[in-house]
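Undergrad:
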Amino acid sequence: MFPTLFSLGIGGFEDPKRKTPVSFDTQANYYLDLHDRRFRYHYSFLFRRMQHLQVHFTTSSKRYASVTLKNLASRIDKEKFISSPSDDERKAFHLLKEVNTVAARVPGSQSTKVHIRNEIRSYFGYFGLPHLFFTFNPCAVHNENVNLDSMVPNLVPRIERAFRLAPAFQYLLGWDFKTGKSTECGGIFGKLRAFYGTQLNTYPIKILNHDVKDLPYLLLFMI
């Protein structure tokens, strides 16, 4: 099945001649943990393993009959973190851990974090390690349109904020989104090969031993 992985014709899965039986899952996980990356980078090995797991995966549909992923996604998007989930929401989280394909579309799910992590790793593999890790921490004190002395500050509408942020973002990066490359002048960091941006509420990490959430950040790959 995998002539490039088992070029000598030995070492395959579920070999009846093997004295000590080894299950498919145990052997597949062992190959993925090897220092040799050919199993992890093979174009079809991971898909074959996933197909094998799907055939043997069973679950009860009644267990998740009352779970609405749309409502759960809406609550996660508003509250960012659910401290006291209901029984149905616990079942939904359990389902999201098992069904990553569906969970990838649910904001804040574990699969979304895995998807973002894999995208960042793919950038590392192609461009190398980023030269800059840039975190935005906007301060409303310096915003002339926000009055912090009022009980309920009158914030600028979201559409207008996005319109004002676009020129600042363009000045910061100097990136031409139409051509997909840096402009001739570049940004304040110089010319970029690529960048990756997201919010830490979908991919929480620690910086200097402090939990940082809800801050947009950028990975910058310089020329």
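Its first residue numbered 1, the sequence shown is counted upward by one per residue in full-length UniProt numbering. Where is the CB? At the ideal position from N, CA and C, for every residue including glycine.
Which residue's Cα is closest to the Cα of histidine 131: Arg48, Phe13, Phe45, Ala194?
TA: It is Ala194.
Undergrad: Give the C-beta separation of leucine 173 and glycine 187 to the nearest angstrom, bearing in mind that I take them to be a contact with Cβ-Cβ under 8 angstroms.
TA: Their Cβ separation, rounded to whole angstroms, is 4 angstroms, which keeps leucine 173 and glycine 187 in contact under 8 angstroms.
Undergrad: For a test of the three-state rule: what should DSSP assign to arginine 164, helix, strand or coil?
TA: In this structure, arginine 164 counts as helix in the three-state DSSP scheme.
Undergrad: How would you call phenylalanine 47, buried or exposed, if buried means at least 16 neighbouring beta carbons within 10 angstroms?
TA: It counts as exposed.
Undergrad: Spell out the partners DSSP gives aspartate 176 in its beta bridges.
TA: Paired residue(s): Lys181.
Undergrad: Could you pull out every residue in the same chain whose Cβ sits closer than 7 angstroms to the Cβ of glycine 180, ignoring the five residues on either side in sequence?
TA: Hits under 7 angstroms: none found.
Undergrad: Over the uninterrupted alpha helix (DSSP H) stretch that includes phenylalanine 24, give me the two end residues.
TA: Taken as a continuous stretch (DSSP letters only), the alpha helix (DSSP H) holding phenylalanine 24 covers 24-32.
Undergrad: List the DSSP bridge partners of glycine 190.
TA: Answer is Gly187, bridged to glycine 190.
Undergrad: Measuring alpha carbon to alpha carbon, tell me which of Phe45, Asp88, Tyr196 ends up nearest isoleucine 120.
TA: Selected option, being the one with the closest Cα: Tyr196.
Undergrad: For glycine 125, which of Glu160, Tyr41, Arg49 has the nearest alpha-carbon?
TA: Per the Cα distances, Tyr41.
Undergrad: Shorter than 7 angstroms from the beta carbon of glutamate 160 to some beta carbon of chain C?
TA: Considering every chain present, this structure includes no chain C. It has just one protein chain.
Undergrad: In three-state terms, what does DSSP make of phenylalanine 39?
TA: Three-state DSSP puts phenylalanine 39 in coil, outside helix and strand.
Undergrad: Could you check if tyrosine 30 is buried or exposed, using at least 16 other CB atoms within 10 Å of its CB as the buried criterion?
TA: Tyrosine 30 should be labelled exposed.
Undergrad: Ignore the nearest five residues each way along the sequence and tell me which others in proline 85's own chain have a CB closer than 6 angstroms to its CB.
TA: Result list for proline 85: empty, nothing under 6 angstroms.
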